[in-house]
Ligand code: NAD
Ligand code: UDP
C-alpha cells in the first residue's frame, strides 16, 4: 500500500470520500477496494448497511478508523450537506435502478434518479467539491441500427451500434413506454452536471456502467428480498437455478448485453478517484465489449456454469419464453444492444477489463450457491410442508 502513485507517477495523498449509496452492490465492492488497497477514508451513506456489515464490524479491523456508516435517506436529511463539506470527493451511487420498477413505479424512479440527486450536485458545486456521479449505459436507449430493416447489412456495421460517449444519440421510446423514465431522469441529471461544470466550474466525472455483475448484486426473492420482487437478470436467473426452475426469457431473450465483472469495473472507478486531472470533465463508458451475448445465450451459459459449480444436473427444459407484458407489466420496452466504445477510457485512464464471461459467471455463481442454496432448500421445504 505504501508508495502508491497515480498514472503520472505522483504519490497519491489519502482523501475523504462521501459515498452515497455505499450500502448497495457497487458501493460495497468500492468500499472493500478502498479499505483493503488504499488509505482513503469513507463516509458511507445509505439507508441500509447489510452489504457492508463485514467492513464495519468488528471495530478491530485494520481499517476501523477509515470507514464510518451514516444511515441517511438523502431525500430528507439535512446532515447530507455537512458530510459533503467534510469530504474531498463525493461519489453518488444512490438510485432506484431495477428495470422492473421503471414502468411500475415511474414516479419513484424519476424522483430517485433526478430530484434526489439535485441537492448532491448543488452542494458539490456550491462548496467547490469534486463529484463522481453514477449514470447508466441505458442513457443511450436503443441503437440506431435497431431502426434498420432486419436484413439490412448496415446492422453489421459498428457505426450503427457501438455506443460512444461524445457522439451517440440518446434514443428512447415514447412516453407511454415508461421503461424510459429511468434513462430520461439519468440523462437530465447528466446534462445538469455537465452544465454545472461548464457554467460554474464543477469538477465532475460521470460513469456509465454497462451491466456490471458479481456477488452481492440485488437480492434473491423470498430469501433476502421481497418474494414478489423482480431483480436484474443475474439475480433472476440465479434464483431460477437455485430453485431448479426454468429461466424465463423475456420476449425470446433476443436482446444483447455486454457483461463486465464487478472487480474489473471497480479498478476503473479507483483510477477515476485517484487521477482527477485525467478524469474531471469526462463521461466514461465502463463495460467489457468482448463479453457480448444475447440474453438466451446468457441463460444457457449460466445453466452450464451452475451445473458445474453446484454438481447438480441441468433441467430437461432449462428455459421458457415469457412476454414482457407478463413479466414486467404494461409500459416495458428494451435496449436492443449495448457495446461500449472504449476510446475515451483507454486514452484517459489506460484501463481495460480482463475477465471473460465464463470466468466471471463461475466466481459469481459459486458465491450464489454458497450463500443461498441452503436457505432456499429450507424455504422450499417449509412451503411444501405448509
Ligand atoms: P444498488 O441498488 O445495489 O445500490 C444503490 C444503493 O443506493 C442502495 O444501497 C440503496 O439503498 C441506496 N439508496 C437509494 N436511494 C437512497 C436514498 N434516498 N438515500 C440513501 N441511499 C439510497 O445498485 P448498484 O447496482 O450498486 O448501482 C449503483 C449506481 O450505478 C446507480 O446509480 C445505478 O443507476 C448505476 N448503474 C449500475 C449498473 C450496474 O450494472 N450495476 C448499471 C447501470 C447503472
Ligand atoms: N431478462 C430476462 N429474464 C429475466 C430478467 C431479465 O429475459 O428473468 C432480460 C431483460 O428483459 C433484458 C435483459 O434480460 O433484456 C437484462 O435485464 P436487466 O434486468 O439485467 O437490466 P437491463 O440490462 O435491461 O438494464
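Numbering (this note's numbering), first residue to last: -10 to 375. Just so you know, even glycine gets a beta-carbon here, dropped at the ideal spot from N, CA and C.
Item: Same chain, Cβ closer than 7 Å to residue 177, five either side skipped, listed in chain order; Value: 103
Item: Alpha helix (DSSP H) segment containing residue 59, residue limits; Value: Counting along the chain, residue 59 falls outside any alpha helix (DSSP H), though it belongs to the beta strand (DSSP E) covering 56 to 60.
Item: Same chain, Cβ closer than 7 Å to residue 101, five either side skipped, listed in chain order; Value: 84 and 85
Item: Status (buried if at least 16 other CB within 10 Å, exposed otherwise) for residue 43; Value: exposed
Item: Candidates 227, 334 and 16, of which the one nearest residue 32 by Cα; Value: 16
Item: Counterpart residues of residue 122 in DSSP-defined beta bridges; Value: 81 and 195
Item: Closest residue to residue 349 among 298, 365 and 202 (Cα-Cα distance); Value: 202
Item: Simplified DSSP state of residue 146, which is helix, strand or coil; Value: coil
Item: Limits of the unbroken beta strand (DSSP E) element including residue 273; Value: 271 to 275
Item: Around the ligand UDP, Cβ to any heavy atom closer than 7 Å, ordered along the chain; Value: 87, 88, 127, 200, 221, 222, 223, 225, 226, 236, 237, 238, 239, 240, 242, 244, 246, 284, 313, 316, 323 and 324
Item: Residue 376 beta carbon near the ligand NAD (any heavy atom closer than 7 Å); Value: Because the chain spans -10 through 375 in this model, residue 376 falls outside it and cannot be assessed.
Item: Identified DSSP bridge partners for residue 246; Value: 282
Item: Residue 63 CB to nearest heavy atom of the ligand SAM below 7 Å; Value: Within the structure as shown, the ligand SAM is missing, the only ligands being the ligand NAD and the ligand UDP.
Item: Complete runs of the alpha helix (DSSP H) confined to the segment 210 to 243 [at least 4 residues]; Value: 222 to 231
Item: Proximity of residue 24 and residue 232 at Cβ, strictly below 8 Å; Value: no
Item: Proximity of residue 62 and residue 36 at Cβ, strictly below 8 Å; Value: yes
Item: Where the beta strand (DSSP E) through residue 48 begins and ends; Value: Run containing residue 48: none; DSSP gives neither H nor E here.
Item: Exposed unless 16 or more other CB atoms sit within 10 angstroms - verdict on residue 376; Value: Residue 376 lies beyond the range of the chain shown here (-10 to 375); nothing can be said about it.
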